[in-house]
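Residue numbers (my numbering): 1 to 236.
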DNA sequence: TATTGATCATAT
DNA sequence: ATATGATCAATA
């Protein structure tokens, strides 16, 4: 098994300076178990993900030299590339939806798709598939083949249509009508500490009101399409 | 059993 | 507070 010496030394990694460099780093993760990567970084692996839901994504960020931390910009800011771990089943099909970004209620209606945070993160994505079945302990989950991706014209058009539809509903003050059923590829779901979390904003009448924090997510049916022409798992 | 709504941890 | 990293778990 190839080791990660030179990639992950435990110290802060210098950010990749090009797409090629980033892809080369990501390629070295392929076939590794999460435990192998974590060990190279001298970092522990949780026994389950119930209290470490972001473990794989954060491990990949550190292993590849991501720079964004928790700021609302793509992970590799200079390259304009967003990093997404993608849990897949044994057939390479996504297990879960993919979080894109939180929803800024004041930004809705003020910017176009091209200026949106959603587009900034989706225009170029490094997908890193990883075994995601709950029966596999996190330590043993293996990394698949990374894919550096941009939406096709048709995909982007549908993402924009969803974003427009959802944004129009929010701007019209109908946010409470939005459920996870709305949107073909992009949906809106809660994204908060819990169901009691509130986000304050000024409604269209200028009155202060509040609602649950929400985020944009990509449906698993969309990420399945993204991976459809891609050889995900380098093992059987 | 696929999907929606709820939830957990960390950074700034 | 609100952004990031997501997966869990109840529901349809």
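Yeah, the Cβ is synthetic: ideal placement off N, Cα and C, and Gly gets one too.
Is residue 30 helix, strand or coil when you go by DSSP?
In the first chain, the residue the question calls residue 30 occupies position 30. Assignment of residue 30 by DSSP, reduced to helix, strand and coil, places it in the coil class.
Per DSSP, which one or two residues make a beta bridge with residue 210?
Position 210 of the first chain holds residue 210. Note: residue 210 is bridge-paired with 200 in the DSSP secondary-structure output.
Give the secondary structure of residue 241 by DSSP, where H, G and I count as helix, E and B as strand, and everything else as coil.
With the chain covering only 1 through 236, there is no way to say anything about residue 241.
Nearest-angstrom Cα distance between residue 38 and residue 148?
Counting from 1 along the first chain, the entry for residue 38 is found at position 38. Counting from 1 along the first chain, the entry for residue 148 is found at position 148. Rounded to whole angstroms, residue 38 to residue 148 spans 23 angstroms at the Cα level.
Between which two residues does the beta strand (DSSP E) carrying residue 85 extend?
Residue 85 sits at position 85 when you count from the first residue of the first chain. Taken as a continuous stretch (DSSP letters only), the beta strand (DSSP E) holding residue 85 covers 82 to 88.
Locate the beta strand (DSSP E) running through residue 128, then write down its first and last residues.
Taking the first residue of the first chain as 1, we reach residue 128 at position 128. Taken as a continuous stretch (DSSP letters only), the beta strand (DSSP E) holding residue 128 covers 125 to 131.
Give the single residue among 96, 56, 31, 103 whose Cα lies nearest to the Cα of residue 211.
On the first chain, residue 211 is found 211 positions in, with the first residue counted as 1. Among 96, 56, 31, 103, the Cα nearest to that of residue 211 is on 103.
So, helix, strand or coil for residue 179, using DSSP?
Here the question's residue 179 lines up with position 179 in the first chain. Coil.
What are the start and end residues of the alpha helix (DSSP H) that includes residue 59?
Taking the first chain and counting its residues from 1, the one referred to as residue 59 is at position 59. From DSSP, the alpha helix (DSSP H) with residue 59 extends over 55 to 64.
Count the other CB atoms, across all protein chains shown, that sit within 10 Å of the CB of residue 17; report buried if there are 16 or more and exposed otherwise.
Locating residue 17 in the first chain gives position 17, counting from the first residue. Answer is exposed; the Cβ neighbour count stays below 16.
Compare the C-alpha of residue 89 against each of 197, 134, 100, 157 and name the closest.
Along the first chain, one-based indexing puts residue 89 at 89. Nearest to residue 89 by alpha-carbon distance, out of 197, 134, 100, 157, is 134.
Can you tell me which of the three DSSP states residue 231 falls into?
Counted from its first residue, the first chain places residue 231 at position 231. In this structure, residue 231 counts as coil in the three-state DSSP scheme.
Measure from the alpha carbon of residue 166 to the alpha carbon of each residue in 146, 158, 187, 157, then state which is nearest.
Against the first chain, residue 166 aligns to sequence position 166. Closest by C-alpha distance to residue 166, out of 146, 158, 187, 157, is 187.
Please list the terminal residues of the continuous alpha helix (DSSP H) segment that includes residue 168.
Within the first chain, residue 168 is the residue found at index 168, counting from 1. Per DSSP, residue 168 belongs to the alpha helix (DSSP H) from 153 to 171.
Which term fits residue 221, buried or exposed, when burial requires 16 or more other beta carbons within 10 angstroms of its beta carbon?
One-based indexing of the first chain puts residue 221 at position 221. Label assigned to residue 221: exposed.
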